[in-house]
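Peer 1:
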Amino acid sequence: MAAWIAVLATAVYAVMWVGYCQHWNWLYRMDWSLLNAARDVALKHPLWLRFWEGVSYALGPVPMSALGIGMTVLALVMRNLRTALVLAFACGPLNEFATAAAKAMVDRPRPATMLVAAPSTSFPSGHALEAMEIGSVV
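With the sequence shown counted from 1, adding 30 to any position gets you our numbering.
1) Anyone know if the C-beta pair for Trp-62 and Leu-145 falls short of 9 Å?
2) Whole angstroms is fine: what's the gap from Asp-70's alpha carbon to Phe-119's?
3) Looking at the unbroken alpha helix (DSSP H) that takes in Val-195, where does it start and where does it end?
4) In three-state DSSP terms, what is Arg-138?
5) Are there any heavy atoms of the ligand GTP lying less than 8 Å away from the beta-carbon of Val-103, as far as the coordinates show?
6) So, using beta-carbon positions, are Leu-117 and Thr-102 closer together than 9 Å?
7) Is the beta carbon of Val-107 closer than 9 Å to that of Tyr-50?
8) Looking at Leu-111: is its Cβ nearer than 9 Å to the Cβ of Ala-105?
9) Per the DSSP calculation, Phe-153 is bridged to which residue(s)?
10) Going straight from the alpha carbon of Trp-56 to that of Gly-122, what length do you get?
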């Protein structure tokens, strides 16, 4: 089941990548309609904005790195050296590298209507890539 979810996530990601690079009009319209709707809700309900700021931070690179370190330590405590080595030398560094490389290849700027300011580009989403990578490993 997990393998099928990973394949589906990869396929959706690939379609969105091609759509962005090929300037598919329907994808652009859908993207902006969702962005504008989210922004309208955020302007009317400030708690909505605070909620997404919290989600963005909680699933961001610092907490995810801390989680990876914690899982590596747990693997060591449980005397599972192979898992600890894979986490320490493959999953963590490769996750950051894959996200940075994918963002650099697309280089899509963040929209003016962004809800949460971030220093990186907007596509592909670092959160979505990390979720896809975690799902693939699990």
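Ideal Cβ positions, reconstructed from N, Cα and C, are used throughout, including at glycine.
Owing to the predicted nature of the structure, the values given are computational and were not obtained by experimental measurement.
Peer 2: The short version:
1) no
2) 43 Å
3) Residue 195 lies beyond the range of the chain shown here (31 to 168); nothing can be said about it.
4) strand
5) The ligand GTP is absent from the structure shown, which contains no ligand whatsoever.
6) yes
7) Not closer than 9 Å, so no.
8) Taking 9 Å as the cut-off, the beta carbon of Leu-111 is found closer than this to the beta carbon of Ala-105.
9) DSSP lists Arg-138 as partners of Phe-153.
10) Going from the Cα of Trp-56 to the Cα of Gly-122 covers about 35 Å.
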